[in-house]
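Everything on this sheet refers to the single structure shown next.
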Amino acid sequence: MPPTPRTALWVAPVSNLAGVARHIIDTARVGVPGWDLVVAAPRGPLLDEVNAAGGVAVAVDIGGGVSTPTAIRNLRTLVRRLRPEIVHTHLARADILAALAAPERRPRLVSTEHHISPDRYMFHPTRARAVAMETVHRLRLTRFDSLIAVSASTERDMRRYWRTRRPITVIRNGVDRPADPPQRDPGLRFLSLSRLSAEKNVDMTLRVFALVLAQHPAATLTVAGSGDEADSLQRLAGELGIDDSVTFPGFIDAPAAMAQHDVILQPSQSDNLSYTLLDAVAQGMGVAASPIGGNPEILPDRCIGSVDDDGAFAAIAIEQALDLNARPVLPDTIPTVRQMTEQIAAVYEQMGV
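For what it's worth, our numbering labels the leading residue of the sequence shown as 1063, then goes sequentially.
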């Protein structure tokens, strides 16, 4: 007789299409070997994309607009109905809800940590708030059977800030290499693909581009994305005198944009294992990025620039634009999507479910 299907319930508390959604959608598309995968999240684009990828999606009302007691009840009801062997959570709210909702020892709990800011005050403006959240994470981790980090940097930060002694498996975000890599030429078309928010440091991107433009007047910059700094960044472009060479199109299709540009600029002050950088390298783009988070796990030193030195960062950007031999290639430590899901399956098997 064939083995009884085992179910892994993946839980996310948001349904937007940011980086964590990409991880979930890719996994739903490929599947976790040996497991029936069900993705649960608030109704919205994430679940639509999971369905489009051929996965199984279930709407559950656990988003930030729902009170914590109600969200716990909703998740508990779903777990009782589906009876998964594993509940695998993504993002802090889902982690905390699962720790409170799941009965002891059944199902097993797994958490993937996608991002911890290197600055403990970046998302928690006071020391008291930062310490409180670190304490919550340290306590909730005691309920989890297995922990996954998407980069070695994230693993270090989990131990540094949360002081967990639980075993942590590093499974880097997977990206597939194109069967026919695009033929690239040198070029000065620069691209920023990120939220327009303080931690992404897009104001530095504009300052760096101003230095590039002073040397190469034909250069252009596209600042894609949306966020609360959109207006101030457009004003800054005007103040720098570069607004004729910079466009702010809002949301754009990332693969199409990468095909139409030469270099990604990403001097972020907070990153995990960036899908933007993974895709850019896979597509043969030049990259200039900060040494934050998992960026050095993707990029060689020649692509890494300090966030304290606009001039040096601009020099890296120009070299990446004009010297094809300087552009990065994906290291073997970055898995394909299939390899990533196989590593996840191996974590499940190690728990003896």
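Positions of the beta carbon are idealized from the N, C-alpha and C atoms, including for glycine.
Check	Outcome
Spell out the partners DSSP gives Asp1098 in its beta bridges.	Thr1069
How would you label His1278, buried or exposed, when you count the other beta carbons within 10 angstroms and need 16 or more for buried?	exposed
In the DSSP output, what is Ile1304 paired with across the bridge?	Note: Ile1304 sits in no beta bridge, so no partner.
For the alpha helix (DSSP H) containing His1085, name the first residue and the last one.	Gly1081 to Val1092
What span of residues does the alpha helix (DSSP H) with Gly1236 cover, start to end?	First-last for Gly1236: undefined, no H or E at that position.
Alpha carbon to alpha carbon, how far is Ser1208 from Ala1377? Give it in angstroms, no decimals.	43 Å
With a floor of 4 residues, list each alpha helix (DSSP H) that falls wholly inside the stretch 1325-1359, ordered by position along the chain.	1337-1344
Using the three-state DSSP reduction, which class does Glu1175 fall into: helix, strand or coil?	strand
Do Arg1234 and Ser1215 have their C-beta atoms closer together than 8 Å?	no
Taking just the CA atoms, how far does Met1195 sit from Val1399?	32 Å
Would you mind sorting Phe1252 into buried or exposed? The rule is 16 or more other CB atoms within 10 Å of its CB.	buried
Can you tell me where the beta strand (DSSP E) with Thr1151 in it begins and where it stops?	Ile1148 to His1152
Name the one or two DSSP bridge partners that Leu1253 has.	Thr1284 and Ile1326
State the CB to CB distance for the pair Val1349 and Ile1314, rounded to an integer number of angstroms; the pair is presumed to be in contact (CB under 8 Å).	Between Ile1314 and Val1349 the Cβ distance is about 18 Å, and since that is not below 8 Å, they are no contact.
DSSP three-state label for Leu1384, please.	helix
Would Ile1134 and Ala1163 qualify as a contact pair, given that the criterion is a beta-carbon distance under 8 Å?	yes
Considering only their Cβ atoms, is the gap separating Val1112 from Thr1119 smaller than 8 Å?	One detail in the question is off: residue 1119 reads as Ala in this sequence, not Thr. Taking 8 Å as the Cβ cut-off, Ala1119 and Val1112 qualify as a contacting pair.
Please report the straight-line C-alpha distance between Ala1260 and Asn1357, rounded to a whole angstrom.	18 Å
Within this structure, are the beta carbons of Pro1461 and Ala1070 separated by less than 8 Å?	The chain is shown only over 1063 to 1415; residue 1461 falls outside these bounds and no answer can be derived.
Where does Arg1170 fall in DSSP's three states?	strand
My understanding is that Val1149 touches Val1141, with C-beta atoms under 8 Å, so please give their C-beta distance in whole angstroms.	6 Å
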